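This report concerns only the one structure given below.
2 protein chains.
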Amino acid sequence: MVNKMVLDKREQILEVAEELFAEYGFEGTSVRELAKKANVNVAMVSYYFGSKEQLIKALIQLRAGTFKQTLEALNNDGHSPVEKLNLLVDFYVERVFTHHRFHRVINREISLHQRSSFNKTISDILLKNFEEIKKLILDGQKKKVFRNVDVELTIASLIGTISKVVQSSYFSCRIINIDPDKNSIFEEEHKKRVKKHLKDMMQAHLLRK
Amino acid sequence: MVNKMVLDKREQILEVAEELFAEYGFEGTSVRELAKKANVNVAMVSYYFGSKEQLIKALIQLRAGTFKQTLEALNNDGHSPVEKLNLLVDFYVERVFTHHRFHRVINREISLHQRSSFNKTISDILLKNFEEIKKLILDGQKKKVFRNVDVELTIASLIGTISKVVQSSYFSCRIINIDPDKNSIFEEEHKKRVKKHLKDMMQAHLLRK
DNA sequence: GTTTAAATTAAACAAACGTTTAATTTTGCA
DNA sequence: TGCAAAATTAAACGTTTGTTTAATTTAAAC
């Protein structure tokens, strides 16, 4: 039987890497414990990816792919600016919640060693998403539906809010008053709550009075 | 002559630690390069702080101190909710921009190894700030000045926006279209811009129409 | 069934890690 | 000046790090 449980060793390594990098950081994760948890010999990491550094780059390439297309499709739809904004929030929250481990990894890595090639690689990916969202807001402004707000920082608020919630589930649980031992911040209930808040705030901020 | 340039070795270590932890992360910074940059023997870190782990804890204790008092003072002032909100934004942005290295460190560390004592220590500090801001908004709601918004997530948006801007100065520079090689995201001009955006958005979000 | 390449392994590699030791220098005080 | 405590040093400690090696097993093709 072929199902999701049956992963080849390369995929197995990538999956465990995402989990451990999210939990302990890139530097904080040793290739040995990674291999152990993936039920794989230590040498397999070098064999498949070349090095630990290239492993995380492969992970980023893998996850960053689908994102931009969906955003582009959104901009080409026939929806109104407000509808697009709501769809954007739904999509973005959905995406980050589903891949919260990955987003924790890149949010951490982008804050490291400022002008390394690594930082630039991630920045490039994030910037493409950023530009698509920017188009959406500028279009709404052009149509006189949205106010003349600070577009760049408005996007920073949108992204920043979701990042904050996902950043530390322990901290987020304590913020919204749920028991970190019993509940997860990633449950459907809280996802809806984040969507509602962002739509609410973004509309209050963007729509003309 | 006694001035800021004359630091004893303990202070020197703390200062360099903040710089390197912000740039390369806690795990990514070796005690040896830290000592070298601080013009200090390697053994001095153990001598003054006991261990690398206790060094970063000392750094957190040092920087986290003054923050809560200022927030408390804000809540006890005779200002209106809107005035308090504006003062809060000014103070918070000022604070994070001034200590952007430190904030990068804790924002990264809190996203690591979920339920370690370390994560809980930082969460406790951040939660105290959080509760003070919550009081401010709840007070505004009680006085019927503020709308019935999602208080917790509104604070997440406030904090998340600033964190995003400070997180990676390279990424932020590219977002707001300035040259990362010539300009810094931490200049007065951009600080003002962030303050303006946050006041604008928070008022649009919180005030009754 | 034999052959060839790919996959997998245990072992070893040098380098870097955080920390400790034991000796030496500096400092403050009587 | 003399003495005890504090500060500072170079060297070494045992681990752990990421990576490589060379041998072995597995799989696929002929």
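These protein sequences, in sequence, are chains A and B.
Sequence positions in the first sequence follow the working numbering and run 1 to 209.
Sequence positions in the second sequence follow the working numbering and run 1001 to 1209.
The C-beta atom is built at its ideal place from N, Cα and C for all residues, glycine as well.
Quick caveat, the model's predicted, so the values are computed rather than measured.
When the five nearest sequence neighbours on each side are left out, the beta carbons in the same chain lying within less than 8 Å of the beta carbon of A:I155 are those of F130, I133, K134, I137, in order along the chain.
If you draw a straight line from the Cα of A:E109 to the Cα of B:E1188, it comes to about 26 Å. For A:F146, the secondary structure class from DSSP, reduced to helix, strand or coil, is strand. In this structure B:V1194 is not in contact with B:V1149, their Cβ atoms being roughly 21 Å apart against a cut-off of 8 Å. Proximity of the stretch 1021-1028 of chain B to the stretch 17-27 of chain A meets the contact definition, three or more beta-carbon pairs being nearer than 8 Å.
Under the 8 Å Cβ criterion, the stretch 175-187 of chain A does not count as touching the stretch 114-131 of chain A, having fewer than three qualifying pairs.
Judged by beta-carbon spacing, B:I1060 lies beyond the 8 Å limit of B:V1040, meaning their Cβ atoms are not closer than that value.
8 Å or more divides the Cβ of A:R101 from the Cβ of A:E33. Counting along the chain, A:F171 sits inside the alpha helix (DSSP H) bounded by residues 169-175.
In terms of Cα proximity to B:K1191, the closest of B:G1078, B:Y1092, B:P1081 is B:Y1092. Bounds of the alpha helix (DSSP H) holding B:L1020 are 1009-1024. Listed in chain order, the non-local C-beta contacts of B:Y1048 below 6 Å within the same chain comprise R1010, local neighbours out to five positions each way being set aside. For A:L112, the secondary structure class from DSSP, reduced to helix, strand or coil, is coil. Any Cβ of chain B closer than 8 Å to the Cβ of A:Y170 would place that residue at the interface, and such an atom is present. For a Cβ distance threshold of 8 Å, residue set D1150, L1153 of chain B lies close to A:R193, ordered along the chain. Taking the Cα positions, A:L206 is about 52 Å away from B:G1050. B:D1200 is the residue among B:D1200, B:R1208, B:K1209 whose C-alpha sits nearest the C-alpha of B:V1089. Considering only B:I1056, B:I1175, B:I1162, the residue with the shortest C-alpha distance to A:K120 is B:I1175. Close to A:F130, with beta-carbon spacing below 7 Å, are these residues of chain B in chain order: I1175. According to the DSSP assignment, B:K1195 belongs to the alpha helix (DSSP H) that extends over 1188-1206. When DSSP assignments are scanned along the stretch 1027-1073 of chain B, the uninterrupted stretches of alpha helix (DSSP H) that are 4 or more residues long and fall wholly within it turn out to be 1031-1037, 1043-1049. Contact of A:Y24 with chain B by beta-carbon distance below 9 Å involves E1027, L1112, H1113. In this structure, the straight-line span from the alpha carbon of A:I125 to that of A:K209 is close to 35 Å. When 9 Å is used as the limit between beta carbons, A:Q167 is near these residues of chain B: N1107, I1110, S1111, G1160, S1163, in chain order. Between A:L87 and A:L71 a beta carbon distance of about 10 Å is seen, past the 8 Å cut, so the two are scored as non-contacting. Using a CB distance cut-off of 8 Å, A:H99 does not count as an interface residue toward chain B.
With a threshold of 8 Å between beta carbons, A:S184 makes no contact with chain B. One thing to note: A:N76 has its Cβ no nearer than 8 Å to the Cβ of A:S163. Annotated three-state conformation of B:D1124 is helix, per DSSP. Under the Cβ criterion of 8 Å, B:D1200 is counted among the residues facing chain A. A:S46 and A:V96 have their C-alpha atoms spaced approximately 29 Å apart. For B:N1086, the enclosing alpha helix (DSSP H) begins and ends at 1081-1098. For a cut-off of 8 Å, the C-beta gap from A:K128 to A:K68 is around 5 Å, short enough to register as a contact. A:L127 has a beta carbon lying within less than 8 Å of a beta carbon in chain B.
Sorting A:K84, A:D8, A:K52 by C-alpha distance to the C-alpha of A:F21 places A:K52 at the top.
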